[in-house]
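Going by my numbering, the sequence shown opens with residue 1, and the numbers climb by one from there. The beta carbon of each residue, even a glycine, is placed where N, CA and C say it ideally should be. In what follows, a structure is listed as structure tokens, so that the remarks can point back to it.
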Amino acid sequence: MGRYLIRRILLMAPTLLIVTFLVFLLLFLSPGDPVLMLVPIDEVAQMTDEEMDQLRRKLGLDRPIYVQYADWLFDVLRGDLGRSIHQRRPVLDLLAARFPVTLELALLSVFLASTVAIPIGIYTAVRPGGIGDFLGNIVALMGVSAPNFWVALLLIVVFSVHLKWLPAGGFVRIADDPVRHVERMILPVITLSTALMAVTMRLTRSSMLEVLNEDYVRTARSKGLGQRRIVFVHALKNALIPVVTTVGLQIGRILGGTIVIEIIFSLPGMGKLLLDAIFGRDFPVVQGSVLLITLVFMSINLLVDLTYASIDPRIRYAS
């Protein structure tokens, strides 16, 4: 296990290098000049070419791409992600302020989806063809088919406009007011968890149906073991392996896909920060955001792989 863990951690380094360099290259080749976006529109016409070149040299944008990337990488190894071109603040401070919002949103969405979908998936697998199975399939189909932005707007219309139970958007830090913080996170969490809930429900059901037809389950039934013991002791652990894989990967997907939800509900998270940085050609912020999201995504994948051994004792990692 120890050698396996070390190997996986070492393999993260080339992956991070490839991902960050590709993003760096795409930003470098994309149209537009970050200097023009940095200078106010009314001042651009008054600046000479020499002044523009001087500002470009000050930002380090006049050097070849491989030199810029090498400098950025060297600073990252020292713990410095650079400074935002537009906000004139350290990128690390911006990420520290925005990432907890997105992380909380992602973790709560995955938790809600898992706690609802897994029990329903188990119930529909144990009683296939019943009314519960029929309703579960309909709900799962609706959850997969409905786009996130449509679900968000529907929830706002129902719970904020008509019922007036919850606010339509905004963000309050939990340290300032825990109750208002929870109120403003309910609708975004439900929105993000809808699709994941449907996928997890269907996957749990199909995985449980497959496991319940295995020979060792039939043997357990022939020995007179109760249905509850068979399901939760013998079948569930094996059925959860593909579910854990899907849920773990969805955390990374949600971290990188919260832009629309954060905009609709006015949440100051990573998605909004990354979108503004891309449009503004704020290279340091884009690179820092991609680096953080990639690192978290790979860490979650590693954690999921290590979880397999605790779920199924038959799984062993080569040393």
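Here A195 is buried, its C-beta having at least 16 other C-beta atoms within 10 Å. Sequence-distant partners of P167 (beyond 5 residues in either direction) whose C-beta falls short of 7 angstroms from its own C-beta, in its chain, are S160, E183, R184. Ranked by how close their Cα comes to the Cα of L255, the residues G224, S289, R57 have S289 in first place. In this model, G121 and K58 are separated by some 58 angstroms (Cα to Cα). Inclusion of M270 and R98 in the CB contact set at 7 angstroms is warranted, their separation being smaller than that value.
In the DSSP assignment, W150 falls within the unbroken alpha helix (DSSP H) covering 148-155.
Looking at L306, I174, L292, V304, the one whose alpha-carbon comes closest to that of T15 is L292. With 16 or more other Cβ atoms inside 10 Å of its own Cβ, D282 counts as buried.
As computed with DSSP, P90 is found in a beta bridge with R83.
Under the three-state reduction of DSSP, V172 is assigned to coil, being neither helix nor strand.
In this structure, the CA atom of I264 is about 10 angstroms from the CA atom of T258. The C-beta distance from L273 to L26 rounds to 18 angstroms, too long to meet the 8 angstroms contact threshold.
V101 places its beta carbon less than 7 angstroms from that of L267. Residue state for F28 is assigned as helix, using DSSP reduced to three classes. When the alpha-carbon of L212 is set against those of V126, M12, L103, I118, the nearest one is in V126. L302 is positioned such that its CB atom lies closer than 7 angstroms to that of R8. With contact defined as three or more Cβ pairs closer than 8 angstroms, the stretch 235-250 and the stretch 137-151 are not in contact. With respect to the C-alpha of A96, the residue from L81, G224, L192 having the closest C-alpha is L81. By the C-beta density criterion, V199 is buried, having at least 16 other C-beta atoms within 10 angstroms. Assignment of G130 by DSSP, reduced to helix, strand and coil, places it in the coil class.
Residue range 178-212 is occupied by the alpha helix (DSSP H) that includes P178. In the displayed model, W72 falls within a helix according to three-state DSSP. CA-to-CA, the gap between L306 and G248 works out to about 12 angstroms.
Of the candidates V144, L11, A277, S206, the residue whose Cα lies closest to the Cα of Y123 is S206.
Minimum Cα-Cα distance from T204 among the listed residues P147, R229, L155, T115 corresponds to T115. Relative to V110, the option among F232, I190, I18 whose CA is nearest is I190. Straight-line spacing of the CA atoms in R88 and R63 works out to 21 angstroms.
Secondary structure within the stretch 255-287: not one fully enclosed beta strand (DSSP E) run of 3 or more consecutive residues is present. Of W150, R218, L105, the smallest CA-CA separation from F171 is found for L105.
It is roughly 7 angstroms from the alpha-carbon of I85 to the alpha-carbon of P284.
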